[in-house]
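Asker:
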Amino acid sequence: MNFSPQLEERFAKMLTRYPEGRTRSAVVPMLIYAQDEVGAVTNELIEEVARRCKVTPLQVDEVVGYYSMLHRKPQGKFHVQVCTNISCLIVGGEELYEHAKKKLGVGHKETTADGQFSLEEVECMGACSWAPAVEINYDFHHHVTPEKLDQLIDGLRKAQ
Amino acid sequence: MAKQLYNQPSPLETRVVSKNFAIEGSETLDVYLANDGYKAFRKAREMTPEAIIDEVKTSALRGRGGAGFPTGLKWSFVPRTSPKPRVIVVNADESEPGTCKDRLLMEYDPHQMIEGILIAALAVDAHAGYIYIRGEYRYLIEVMDRAIDEAYAKGYLGKNVAGTGFEFDLYTHSGAGAYECGEETALLDSIEGKRGIPRMKPPFPAVAGAWALPTLLNNVETFSAIPAIIRDGGAAFAALGTPKNGGTRLVCISGHVNRPGVYELPLGYPMMKAINEVAGGIPGGKKLKAVVPGGSSCPILKADECDIPMDYDTLAKAGSMLGSGGMVVLDETTDMVRFALRIMKFYAHESCGWCIPCREGTTWLKKILQRFYEGQGRREDISMLGELSKNMLGRTFCALGDAAALPTISIVEKFTEDFEMYLARQEVMV
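Protein sequence lines, in the order shown, are assigned to chains A and E. All residue numbers for the first sequence refer to the working numbering, where the first residue is 749 and numbers rise by one. All residue numbers for the second sequence refer to the working numbering, where the first residue is 609 and numbers rise by one.
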């Protein structure tokens, strides 16, 4: 399996940074970066990461289920993550999440039929003082209102 | 145009770790060097390791991740003459609900943290360091990677740090979404490429940490405070705070306040002043109901318990904790049943499942709170929530079990009337 040149460069460096014989340490970072490029943690990707990190596919597979950002099925092109944890909850995070469900017509960890958007109710992502917060892919959005969320989603849709 | 910060700074702040935040280009090495950067490292290079650790002890700096353990003491546990190489690990897995400060330290002043790491490396004679950053903070991994690249290019990392002959390599390491990995031993398993499961202690990480090597592990903010401590002296840092509670810390104020934000305040700062003056008070003239003083794991304080100084020891005396600095302010309209449920949903989701009291306890507490919230509560549930929680205390490998139980016990005991109100409403419905 081949990745983009940038990712290959990243992985080559990654495999040298841990102490001698400890390439297993690269499993989680390699999975998350590769997932971004491949779209999901596929069986083929598990085999590939195992080969590169010199571990068994089972040792890769067992971490996939543990880390919440790793997923076996593809998400939408834009993965909308709405925080409803305490700091967000008390300033409208849960209402914002309900609004996002209606706006996108999907529920928790579901993807729109056109594959453009997926939604996830997430745990605290470290934006508490600027709540409610939404992360779309890796971009943070703070003080998000239902109107602001509509604008964000419509803007991404239009840019397609 | 002035630099756009996440929130307006307050004139009431005491800026030590955040002193460079508002400076344009503060994330670059040149700006860092122009603002006292690497003065502390050069000074530390002339000191003995024992003297560095003594200075940190004098500063009364306590771990800013949540546990509040004295940093100098923690450093002294690392066997610097061990035949095994020592490593430094930075806990940048910031995920305690209510906490959003490490983000700023990495985004606005990455070189301050790097200098802190280098000083720690001198103290324990380590030559490699790993910054474990939560996966959701991808942009910060990029910020840190850029800062590290710049430091290598300009000779502040690598074979000859700042021309002093000291050798040190530093790397970022991405997590992938797991609150549990903020627990230091689970983080170490995670960095080894495994599921983040807590380890039995002893051995402590100082003796056998990452890859069974002696490991010095601290939070982002703890490392970021080190340059100021060495530069201006431990005593000067200590004097900013109260006895045994040295210095300042970043307090993340969220919830029902007019000016939520991250503010740097000295240890021992009055909690009510932080709420009413620094954060501008509660909107709409509403009354204070409760405060989560240091992240969701901390027992909640009722309004009448909040007239206290914010230091580790006073908070402990008040039956709570200063924790990670995540302070959530709740006004009188807050539904504590809903609040307790959301806390428990979080811990049930994040329990790694290793210890049965935590795995089962959080699941059952969530179920009971859920049915209460949905109007199916039973009177005996109120006492059962407390009893179940108390059965979890101290019966798990790591602190996650306690972190789930403690706030629940405090909410059920201090806000029983909120639960009673649900029962009364149910009776009316029948």
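Think of the CB as a built atom: it goes at the ideal place given N, C-alpha and C, for glycine as much as any other residue.
Just to check my reading of the structure: Ser703(E) and Arg742(E) have Cβ atoms closer than 8 Å, yes? What is that Cβ distance to the nearest angstrom?
Answerer: 6 Å
Asker: Compare the beta carbon distance of Gly855(E) and Gly903(E) with 7 Å and say whether it is the shorter of the two.
Answerer: no
Asker: Once the 5 residues before and after Lys998(E) are set aside, which same chain residues still bring their CB inside 8 Å of it?
Answerer: Cβ neighbours of Lys998(E) beyond the five flanking positions: Ala1013, Ile1017.
Asker: Should the stretch 736-756 of chain E be called in touch with the stretch 681-700 of chain E, which here means at least 3 C-beta pairs below 8 Å?
Answerer: yes
Asker: Taking Phe865(A) as the reference, which of Glu871(A), Lys851(A), Cys872(A), Cys876(A) has the closest Cα?
Answerer: Lys851(A)
Asker: Of the residues that make up the stretch 776-790 of chain E, which ones have a beta carbon closer than 8 Å to any beta carbon in chain A?
Answerer: Result list: Asp777, Tyr779, His781, Ser782, Gly783, Ala784, Gly785, Ala786, Tyr787.
Asker: Candidates Gly893(E), Gly706(E), Gly676(E), Ala761(E): which alpha carbon is nearest Ile826(E)'s?
Answerer: In the sequence under discussion, the amino acid at residue 826(E) is Asn, which differs from the Ile named in the question. Selection Gly893(E), Gly706(E), Gly676(E), Ala761(E) evaluated against Asn826(E) yields Gly676(E) as nearest (Cα-Cα).
Asker: Within 7 Å of any Cβ in chain A, is that where the Cβ of Cys906(E) sits?
Answerer: Cys906(E) does not count as touching chain A.
Asker: What does the Cβ neighbour count give for Gln754(A), buried or exposed, with the cut at 16 atoms within 10 Å?
Answerer: exposed
Asker: Would you say the stretch 987-1005 of chain E touches the stretch 883-900 of chain E, given that touching needs at least three Cβ pairs under 8 Å?
Answerer: no
Asker: Along the chain, where does the beta strand (DSSP E) that runs through Met935(E) open and close?
Answerer: 934-939
Asker: At what residue ranges does the stretch 716-779 of chain E contain a whole run of the alpha helix (DSSP H), taking only runs of 4 or more?
Answerer: 718-732, 746-761
Asker: Would DSSP call Ile838(A) helix, strand or coil?
Answerer: coil
Asker: Since Glu810(A) meets chain E, which of its residues come closer than 9 Å, beta carbon to beta carbon?
Answerer: Lys802, Arg803
Asker: Hey, is the stretch 839-855 of chain A in contact with the stretch 865-874 of chain A, meaning 3+ C-beta pairs nearer than 8 Å?
Answerer: yes
Asker: At least one CB of chain E closer than 7 Å to the CB of Ser880(A): is that the case?
Answerer: Going by the sequence as given, residue 880(A) is Pro instead of Ser. Not one chain E Cβ lies under 7 Å of Pro880(A).
Asker: Sort out for me which residues DSSP pairs Glu913(E) with in a bridge.
Answerer: Paired residue(s): none; Glu913(E) is not in a bridge.
Asker: So, does the CB of Glu702(E) fall closer than 7 Å to a CB anywhere in chain A?
Answerer: Glu702(E) counts as touching chain A.
Asker: How would you call Phe685(E), buried or exposed, if buried means at least 16 neighbouring beta carbons within 10 angstroms?
Answerer: exposed
Asker: Arg905(A) to Leu613(E), Cα distance in whole Å?
Answerer: 29 Å
Asker: With a 10 Å radius around its C-beta and 16 neighbouring C-beta atoms as the bar for buried, classify Val1036(E) as buried or exposed.
Answerer: exposed
Asker: Could you give the residue range of the alpha helix (DSSP H) that holds Arg803(E)?
Answerer: Element bounds for Arg803(E): n/a, residue is neither H nor E.
Asker: Going by beta carbon distance, what residues of the same chain come within less than 7 Å of Met880(E), once the five residues before and after it are set aside?
Answerer: Cys914, Asp915
Asker: Going by C-alpha distance, which of Asn615(E), Ala755(E), Arg670(E) is nearest Ala736(A)?
Answerer: Outside the displayed range of chain A (749 to 908) lies residue 736(A), so it cannot be described from this structure.
Asker: Does the count of Cβ pairs from the stretch 981-991 of chain E and the stretch 776-790 of chain E closer than 8 Å reach three?
Answerer: no
Asker: Can you say whether His719(E) is buried or exposed, counting buried as having 16 or more other CB atoms within 10 angstroms of its CB?
Answerer: Residue environment: His719(E) is assigned as buried (16 or more neighbouring CB atoms within 10 Å of its CB, all protein chains considered).
Asker: Can you grab the Cα-Cα spacing for the pair Pro805(A) / Leu793(A), in whole Å?
Answerer: One Cα belongs to Pro805(A), the other to Leu793(A), and the distance between them is close to 10 Å.
Asker: Using a C-beta cutoff of 7 Å, does Cys860(E) count as contacting chain A?
Answerer: yes
Asker: Given a cut-off of 7 Å, decide if Ala843(E) and Thr666(E) are closer than it, judged by their beta-carbon atoms.
Answerer: yes
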